[in-house]
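All remarks here apply to the structure that follows.
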Amino acid sequence: MEKHLHIVCLDTPYPVDYGGVFDLFYKLVALHSAGIKIHLHCFEYGRGEQPELNKYCEEVHYYKRQQGHKGFSHKLPYIVASRINENLYKRLLENDFPILLEGVHCTHLLNDSRFAKRKIFLRLHNVEFRYYRELARTTKNIIRKFYYLHESRLLKRYEKSIANKAILIPVTEQDGSFYRTQFGAKRVMHLPVFLPFADVNAQTGIGCFCLYHGNLSVAENEKAARWLLKEVFNDLHVPLVIAGKNPSATLEKIAAAVPKTCIVANPSWEEMQDMIGKAQINIVPSFNSTGIKLKLLNVLYNGRHCVVNEATVDGSGLSPACHVGSNANGMKSLVTQLYHQPFNDEEIVLRKNLLHGQYNNEINAKRLITWIW
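First residue of the sequence shown: 149, per this note's numbering; consecutive thereafter.
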């Protein structure tokens, strides 16, 4: 008997050019490979329609996200209100296939009585209200700070209200535990993220620079880059490359004042992977402990030494494969210690043992299928 599944995505999950779409796209691929007939519904706001998705889906539908004042609500979080779409709901009601909602963003239908008896699963990518609270703390723009705080308050109330209206599938055990203890969620099943990496491809030996990478137009990532420049690499005299999308003029100016530092703006996926592989140290600080850091997983599969802080690995189970510095001085010491230390086969074996049991797309797709059917 054929198994059909509606998947509602907060964004168009292709191209896979930022961390947030890794799980969305590679889950599609894995479910398709397992024989699931996927009916994909995407909210589109700038990425366009993507023919590549037709390879994995029975049908693909796109819905315009209501941006700006049209998507604003005093009672609902903007990320939810801007994705309310009656055309989507009518399509979902044409049959009784189970529904997988990718992100809190897509969950307004959980409050619609027409879906009260449907089998609905919610993929939690992080605890959204905490994520927005951290964005508010990070940004220096007063208007954005107000928006993030307002959104965080609305999200906290909203996330609690839907905690028992679907079966929750968080990407980390930590987020699942938070939903259970803080929001009273009763149906929670952890499932790791789906990834493009099948094996650990890190090179042994010694690289020739340190690397921080990320979408530099995101406030949290720019904050991390500035922190590294001002607090960690300010007096180390070790080559540092900062690579990612759309670095600000301010960040470029700060980097120019730090010896042996350069910024690589808007590298391609291939160029980024090449830098990750050639670096001696990939450094991944974070100021937010919710969700899973896709850049960390990328580094552990494809890079040499990985230096992090506690927030990066908190609740991930990945700290044994990382060098954890609790503050700027701790990271300085680790960089100094590791910069001339060869990366060896023992560390590759450790990573394989740690990663392969958890991040196996085929096995995790089978688990998800078992839960749904």
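By construction, the Cβ of each residue, glycine as well, lies at the ideal position given by its N, Cα and C atoms.
About 6 Å separates the CB atoms of Lys-480 and Leu-384; that is less than 8 Å, so the two are in contact.
Nearest neighbour of Tyr-211 by Cα position, chosen from Val-406, Val-472, Thr-160 and His-217, turns out to be Thr-160. Counting along the chain, Leu-384 sits inside no alpha helix (DSSP H), nor does DSSP assign it H or E at all. In chain order, Ala-459 and Asp-462 place their CB closer than 6 Å to the CB of Ser-437, counting only its own chain and leaving out the 5 sequence neighbours on each side.
Following the DSSP letters along the chain, one finds Asn-430 inside the beta strand (DSSP E) bounded by residues 429-432.
For Lys-185, the enclosing beta strand (DSSP E) starts and ends at 185-192. The alpha-carbon separation between Thr-409 and Gly-362 amounts to approximately 16 Å. Around Phe-220, the same chain offers Tyr-226 and Ala-229 as residues with beta carbons nearer than 7 Å, after the five sequence neighbours per side are excluded. Under DSSP, Cys-358 shares a beta bridge with Leu-388 and Ile-429. For Leu-270, the three-state secondary structure derived from DSSP is strand. When DSSP states are grouped into helix, strand and coil, Phe-277 belongs to the helix group. Boundaries for Lys-393: no alpha helix (DSSP H) harbours it, and the DSSP string shows neither H nor E there.
Residue range 509-520 is occupied by the alpha helix (DSSP H) that includes Ile-520.
The segment 283-295 and the segment 307-319 do not touch, with fewer than three beta-carbon pairs separated by less than 8 Å. In the DSSP assignment, the residues bridged to Pro-318 are Leu-272. In the structure shown, Gly-353 adopts extended strand secondary structure according to DSSP, grouped into three states. Boundaries of the beta strand (DSSP E) harbouring Leu-249: 247-250, taken from the DSSP string. Within the same chain, Cβ atoms closer than 8 Å to the Cβ of Ala-178 are found at Phe-342, Asn-509, Glu-510, Asn-512 and Ala-513, the five residues on either side in sequence being excluded. Residue environment for Ser-261: exposed (fewer than 16 other C-beta atoms within 10 angstroms of its C-beta). Ranked by how close their Cα comes to the Cα of Leu-466, the residues Phe-269, Asn-501 and Thr-518 have Asn-501 in first place. At least 9 Å separates the beta-carbon of Asn-430 from that of Val-406. The C-beta of Ser-300 has 16 or more other C-beta atoms within 10 Å across all chains shown, which makes the residue buried. Minimum Cα-Cα distance from Leu-188 among the listed residues Gly-194, Cys-205 and Leu-399 corresponds to Cys-205. Taking the Cβ atoms as the reference, Leu-257 lies roughly 6 Å from Tyr-237, within the contact range of under 8 Å. For Ala-346, no beta strand (DSSP E) encloses it, and the DSSP letter there is neither H nor E. In summary, Pro-468 is exposed, with fewer than 16 beta-carbon neighbours lying within 10 Å of its beta-carbon over all protein chains present. In this structure, DSSP gives His-453 an extended state, which the three-state scheme calls strand.
In the displayed model, Tyr-211 falls within a strand according to three-state DSSP. Between the segment 389-400 and the segment 168-186, the count of Cβ pairs shorter than 8 Å is below three; the stretches do not touch. Between Asn-457 and Cys-470, the alpha-carbon positions lie close to 9 Å from each other.
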